[in-house]
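Engineer: Heads up: the sequence lines are chains A and B, in that order. First residue of the first sequence? That's 1 in this note's numbering, and the numbers climb one at a time after it. First residue of the second sequence? That's 378 in this note's numbering, and the numbers climb one at a time after it. Sharing a structure, written as structure tokens. Questions coming.
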Amino acid sequence: MAKKVALMQGNEACAHGALYAGCNFFAGYPITPSTEVAEVMSVELPKIGGKFIQMEDEIGATAALIGAALTGAKALDSTSGPGMSLKQELLGYACIAEIPCVIVNVQRGGPSTGMPTGPSQSDMQQAMWGTHGDHAAIVLTPASCQEIYEETVRAFNLAEKYRMPVQIQLDEICAHMRERVEFAEPGELEVIDREAPSVPPEEYKPFDDTKGLVPPLAAFGSGYRYHVTGLNKAADGFPTTKAELVDAEERRQIDKVMLNQKDIQKNEEYLLDDAEVVLFAYGSTSRSARYAVNELRKEGVKAGMFRPLTMWPFPDERIAELADQAKAIVCPEMNLGQMVREVERVAKGNCTVAHIGRVDGEPINPGQIIDKVKEVL
Amino acid sequence: MAERYEIRFSGAGGQGLITAGIILAEAASIVEGKYAVQSQSYGPEARGGASKSEVIISDGPIDYPKATVVDACLAMTQVAADKYANGIKPGGLLLLDDDFVKNVPEGDFRVVKIPIMRIAKEDVGREIVANVVALGAMIALTDVVARDSGETAVLAKVPEAFLDLNKKAYSLGFEKVKEAMEQ
Numbered sequence: 001m002a003k004k005v006a007l008m009q010g011n012e013a014c015a016h017g018a019l020y021a022g023c024n025f026f027a028g029y030p031i032t033p034s035t036e037v038a039e040v041m042s043v044e045l046p047k048i049g050g051k052f053i054q055m056e057d058e059i060g061a062t063a064a065l066i067g068a069a070l071t072g073a074k075a076l077d078s079t080s081g082p083g084m085s086l087k088q089e090l091l092g093y094a095c096i097a098e099i100p101c102v103i104v105n106v107q108r109g110g111p112s113t114g115m116p117t118g119p120s121q122s123d124m125q126q127a128m129w130g131t132h133g134d135h136a137a138i139v140l141t142p143a144s145c146q147e148i149y150e151e152t153v154r155a156f157n158l159a160e161k162y163r164m165p166v167q168i169q170l171d172e173i174c175a176h177m178r179e180r181v182e183f184a185e186p187g188e189l190e191v192i193d194r195e196a197p198s199v200p201p202e203e204y205k206p207f208d209d210t211k212g213l214v215p216p217l218a219a220f221g222s223g224y225r226y227h228v229t230g231l232n233k234a235a236d237g238f239p240t241t242k243a244e245l246v247d248a249e250e251r252r253q254i255d256k257v258m259l260n261q262k263d264i265q266k267n268e269e270y271l272l273d274d275a276e277v278v279l280f281a282y283g284s285t286s287r288s289a290r291y292a293v294n295e296l297r298k299e300g301v302k303a304g305m306f307r308p309l310t311m312w313p314f315p316d317e318r319i320a321e322l323a324d325q326a327k328a329i330v331c332p333e334m335n336l337g338q339m340v341r342e343v344e345r346v347a348k349g350n351c352t353v354a355h356i357g358r359v360d361g362e363p364i365n366p367g368q369i370i371d372k373v374k375e376v377l
Numbered sequence: 378m379a380e381r382y383e384i385r386f387s388g389a390g391g392q393g394l395i396t397a398g399i400i401l402a403e404a405a406s407i408v409e410g411k412y413a414v415q416s417q418s419y420g421p422e423a424r425g426g427a428s429k430s431e432v433i434i435s436d437g438p439i440d441y442p443k444a445t446v447v448d449a450c451l452a453m454t455q456v457a458a459d460k461y462a463n464g465i466k467p468g469g470l471l472l473l474d475d476d477f478v479k480n481v482p483e484g485d486f487r488v489v490k491i492p493i494m495r496i497a498k499e500d501v502g503r504e505i506v507a508n509v510v511a512l513g514a515m516i517a518l519t520d521v522v523a524r525d526s527g528e529t530a531v532l533a534k535v536p537e538a539f540l541d542l543n544k545k546a547y548s549l550g551f552e553k554v555k556e557a558m559e560q
């Protein structure tokens with residue numbers, strides 16, 4: 001049988017990817033340029049017995065997301081910059097209480113209300129550091145409608161596997177352009193469900209790490225009773241201020257991500273083998289970068305592209321290698337210098353690191369990238 | 378077909394040009410299995426003022442998703458013609474509704490004129506199908522997809538009660554441009 005294909009926007013592809021992953025709960029508050037994610041979920045979830053809730057605001061939406069996830073639901077929320085700023089407190093709550101859920105941020109101009117209809121990539125550091133306190137983050141940056149579909153499935157898998165919130169950072173261009181999307185058949189893409197406890201309810205401790213860095217999560221309503229709090233807590237879920245327990249808990253929540261980077265990292269390397277100049281690009285900007293690489297190659301410039309699909313945790317190891325190999329790494333981003341900071345940190349001065357920033361609501365075009373590459377070489 | 382072929386539909390908000398772009402992208406990527414990306418101007422200007430919808434079609438994967446300089450441009454209004462005619466490739470194509478574009482832009486492109494709104498209103502009988510007339514016209518002008526593929530995509534998009542209306546609109550747009558090109 002021929003596969004189901006359709007022309008759709010990136011936002012629509014995101015919603016369909018979530019449904020493939022088994023998402024059965026959506027809470028959100030509409031905001032340009034993310035609203036199509038919610039629109040599709042509002043149509044599709046009732047058909048499969050799922051729940052769609054438009055909450056009173058973005059804070060309420062993330063609270064609902066957390067509550068639903070604790071009952072065993074696979075939960076999705078979508079928003080844009082102003083909404084993402086409101087969600088930060090509850091994002092931190094999901095981090096410390098280790099609650100699997102997926103939040104999509106379709107980036108637009110900012111700060112504050114900014115430019116609702118203009119593309120941007122200026123929430124990239126917020127995705128990592130927007131919520132306070134030491135924590136790990138998993139943040140994905142797909143660049144085509146098909147990839148958004150598939151990476152949304154991966155976002156849910158990572159959320160479930162590592163028992164934590166996962167963010168998908170889109171930009172208005174990827175979110176609103178339409179491309180052909182091929183729907184995966186059941187079983188074609190891996191779908192991971194969180195590990196359920198293997199002990200009876202009376203023995204269950206929601207943060208017991210004796211068997212691994214990711215403790216199994218019981219669903220509320222399944223007979224298991226436990227305590228959930230935003231305070232630092234002991235294995236049984238109740239608050240503690242015992243120094244050694246707090247320290248171990250804080251470190252474990254970061255270790256579960258940082259020690260599993262091989263599983264979490266994903267990137268595309270394009271013509272890097274002999275590259276003297278590496279474009280570090282993600283989201284819609286990576287499409288301009290690929291165009292630029294092809295043009296530069298025609299002119300004999302040894303250009304290549306490193307495109308992270310997992311932006312956080314940052315791909316330190318590979319960027320360090322590329323900094324040793326290349327003369328320059330050029331970072332085009334629709335912001336005034338965010339991920340370039342990470343590239344500079346990891347490159348440690350071993351190659352030139354240059355930035356191309358654009359914040360006028362227009363995409364970075366291939367010509368701008370080509371000019372910059374010629375300037376730095 | 379060229380590696381990357383860019384088409385822009387421009388006119389006034391509410392003329393259905395975004396839909397025309399979507400249907401063309403569906404004809405290319407769903408019916409014919411090529412690669413296509415459709416995007417549009419977005420925001421306040423999409424209602425009332427100038428509106429545009431862009432489609433890029435290619436035999437291979439498409440990197441930069443926005444139009445650079447287009448191979449073919451439709452202008453339904455004078456404002457759109459004035460705004461977008463200078464974004465056409467040398468030797469490209471400009472399709473005009475000549476009832477509304479009186480001052481024909483000059484440049485290194487071929488101009489083809491048909492009265493798109495009038496065809497929709499008088500020959501098909503409904504102004505609302507002007508975008509489908511425009512789509513048929515654009516496909517006749519560019520050969521970017523086969524005539525049948527465009528029709529298949531149109532008919533897959535519209536409710537059953539309006540199949541004949543849209544079929545007629547598509548055919549008339551296609552044929553009027555072919556006639557205009559022979560002159």
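All C-beta atoms, glycine included, are put in the ideal place defined by N, C-alpha and C.
Between which two residues does the alpha helix (DSSP H) containing Cys101/A stretch?
Structural biologist: It is not in any alpha helix (DSSP H) - Cys101/A instead sits in the beta strand (DSSP E) that spans Cys101 to Gln107.
Engineer: Just to make sure I have the definition right: I need the residues of chain A whose C-beta is within less than 8 Å of the C-beta of Val414/B. Which are they?
Structural biologist: Those within 8 Å of Val414/B in chain A are Met177, Arg178 and Glu179.
Engineer: Grouping DSSP H, G and I as helix and E and B as strand, with all else coil, what is Thr35/A?
Structural biologist: In the structure shown, Thr35/A sits in a helix (DSSP, three-state: H, G or I).
Engineer: I think Thr141/A touches Gln107/A, with their Cβ atoms under 8 Å apart; what is that distance to the nearest whole Å?
Structural biologist: About 10 Å; that fails the 8 Å criterion.
Engineer: Is it right to say Leu259/A is buried, meaning 16 or more other beta carbons lie within 10 angstroms of its own, or is it exposed?
Structural biologist: Exposed: under 16 other Cβ atoms inside 10 Å.
Engineer: For Ser78/A, would you say it is in contact with chain B, using Cβ-to-Cβ distances shorter than 9 Å as the test?
Structural biologist: Chain B contact via Cβ: absent.
Engineer: Between Gly388/B and Met453/B, is the Cβ-Cβ spacing less than 9 Å?
Structural biologist: Their beta carbons are under 9 Å apart, which means Gly388/B touches Met453/B by this criterion.
Engineer: Relative to the C-alpha of Pro119/A, which candidate in Pro33/A, Ile99/A, His227/A and Gly304/A has its C-alpha closest?
Structural biologist: The shortest Cα separation from Pro119/A among Pro33/A, Ile99/A, His227/A and Gly304/A belongs to Pro33/A.
Engineer: Which of the three DSSP states, helix, strand or coil, is assigned to Lys4/A?
Structural biologist: The answer is coil: DSSP assigns Lys4/A none of H, G, I, E or B.
Engineer: Would Leu19/A and Met41/A be called neighbours here (beta carbons separated by less than 9 Å)?
Structural biologist: For Leu19/A and Met41/A, yes; Cβs fall inside 9 Å.
Engineer: When the Cα atoms are used, what is the spatial distance from Arg251/A to Asp134/A?
Structural biologist: Cα to Cα, the separation comes out at about 9 Å.
Engineer: How many angstroms separate the CA atom of Tyr226/A from the CA atom of Arg385/B?
Structural biologist: Going by the C-alpha atoms only, they are around 59 Å apart.
Engineer: Who are the neighbours of Leu7/A on chain B, taking C-beta pairs under 8 Å?
Structural biologist: Per Cβ cutoff of 8 Å: Ile399, Ala402, Glu403, Ser406, Ile407, Ala413 and Gln415.
Engineer: Select from the region 268-284 of chain A all residues with a C-beta closer than 7 Å to any C-beta belonging to chain B, and list them in chain order.
Structural biologist: Residues passing the 7 Å Cβ filter: Ser284.
Engineer: Taking the straight line between their C-alpha atoms, what separation do you get for Glu552/B and Ala514/B?
Structural biologist: Roughly 7 Å separates the two Cα atoms.
Engineer: Less than 7 Å between C-beta atoms, sequence neighbours within five positions excluded: which residues of the same chain meet that for Glu362/A?
Structural biologist: Nothing listed; no residue qualifies.
Engineer: Note the first and the last residue of the continuous alpha helix (DSSP H) segment covering Lys553/B.
Structural biologist: Its alpha helix (DSSP H) spans residues Leu540 to Glu559.
Engineer: Determine, for Ile434/B, whether the minimum Cβ-Cβ distance to residues of chain A falls below 9 Å.
Structural biologist: Taking Cβ atoms only, chain A never reaches closer than 9 Å to Ile434/B, which makes this a no.
Engineer: Could you check what DSSP says for Leu336/A in three-state terms: helix, strand or coil?
Structural biologist: Coil, per DSSP.
Engineer: Please go through the region 292-353 of chain A and give each complete beta strand (DSSP E) segment of 3 or more residues, from N-terminal end onward.
Structural biologist: With a minimum length of 3 residues, the continuous beta strand (DSSP E) runs that stay inside the region 292-353 of chain A are 303-308, 310-312 and 328-333.
Engineer: In the DSSP output, which residue or residues are listed as bridge partners for Cys174/A?
Structural biologist: DSSP, once it has assigned bridges, lists no residue as partnering Cys174/A.
Engineer: Kindly indicate which residue of Gly72/A, Cys95/A and Thr35/A has the alpha-carbon position closest to the one of Gly50/A.
Structural biologist: The shortest C-alpha separation from Gly50/A is found at Gly72/A.
Engineer: Taking only beta-carbon positions, decide if Asp440/B is within less than 9 Å of chain A.
Structural biologist: Interface residue, yes.
Engineer: How long is the line joining the alpha carbons of Val293/A and Glu375/A, rounded to whole angstroms?
Structural biologist: Approximately 15 Å between the Cα atoms of the pair.
Engineer: From Leu76/A to Ser406/B, what distance separates their C-alpha atoms?
Structural biologist: C-alpha separation (whole angstroms): 29 Å.
Engineer: Cβ closer than 8 Å: which chain B residues qualify as neighbours of Ser288/A?
Structural biologist: Within chain B, the residues near Ser288/A are Asp440 and Tyr441.
Engineer: What number of angstroms, rounded off, separates the C-alpha of Ala196/A from the C-alpha of Glu150/A?
Structural biologist: Rounded to the nearest angstrom, the two C-alpha atoms are 25 Å apart.
Engineer: Is the beta carbon of Ser286/A closer than 9 Å to that of Arg318/A?
Structural biologist: Not in contact: Arg318/A and Ser286/A (Cβ atoms no closer than 9 Å).
Engineer: Rounded to whole angstroms, how far is the Cβ of Ser288/A from the Cβ of Ala143/A, which I believe are closer than 8 Å?
Structural biologist: Ser288/A to Ala143/A, Cβ: 10 Å. No contact.
Engineer: Please confirm if the region 433-443 of chain B is in contact with the region 407-415 of chain B, defined as three or more CB-CB distances below 8 Å between the two stretches.
Structural biologist: Result yes; three or more Cβ-Cβ pairs closer than 8 Å.
Engineer: Taking Cβ-Cβ distances shorter than 9 Å, what residues in chain B pair up with Tyr204/A?
Structural biologist: Under the 9 Å cutoff, chain B gives no residues; its nearest Cβ is about 49 Å from Tyr204/A.
Engineer: Indicate whether at least one CB of chain B lies closer than 9 Å to the CB of Asn365/A.
Structural biologist: Yes, contact with chain B.
Engineer: Who are the Cβ neighbours of Gly221/A in its own chain at under 8 Å, not counting the five residues just before and after it?
Structural biologist: If we look at Gly221/A and ignore the five residues flanking it on each side, its Cβ neighbours are Thr71 and Gly72.
Engineer: Taking only the alpha-carbon atoms, compute the straight-line gap between Glu185/A and Lys3/A and give it to the nearest angstrom.
Structural biologist: Computed Cα separation, rounded: 7 Å.
Engineer: Checking contacts by CB at 9 Å: is Thr445/B closer than that to chain A?
Structural biologist: Taking Cβ atoms only, chain A reaches closer than 9 Å to Thr445/B, which makes this a yes.
Engineer: For Phe486/B, which beta-bridge partners are listed by DSSP?
Structural biologist: Answer by DSSP bridge pairing, in chain order: Gly469/B.
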